[in-house]
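Take a look at the structure set out below.
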């Protein structure tokens with residue numbers, strides 16, 4: 001059960017470096033945006049920051065100009 005949940009989270013999530021690459025920014029910029037409450041919402045799992053694919057897509061749509 002726990003392994004299933006973990007696998008689903010990993011399938012539905014992007015790493016910090018993947019999101020940064022997708023947005024064309026440095027991972028440090030993404031970290032700074034989080035501190036400023038400006039970037040997409042993230043999930044902290046231990047030391048790893050994970051981003052739900054759907055949350056990143058929603059954040060991008062909200063910030064479309």
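Residue numbers (UniProt numbering): 1 to 65. The beta-carbon is built from N, C-alpha and C at its ideal position, and this holds for glycine as well.
- Residue 37 and residue 13 have their C-alpha atoms roughly 19 Å apart.
- Residue 51 and residue 3 have their alpha carbons spaced roughly 19 Å apart.
- Within a 10 Å sphere around the beta-carbon of residue 21 sit fewer than 16 other beta-carbons, which makes this residue exposed.
- Along the length of the stretch 31-62, whole beta strand (DSSP E) runs at least 3 residues long occupy 43-45 and 48-52, reported in chain order.
- A straight-line Cα-Cα distance of about 24 Å links residue 57 and residue 46.
- Taking the C-beta atoms as reference points, residue 49 is found no nearer than 7 Å to residue 18.
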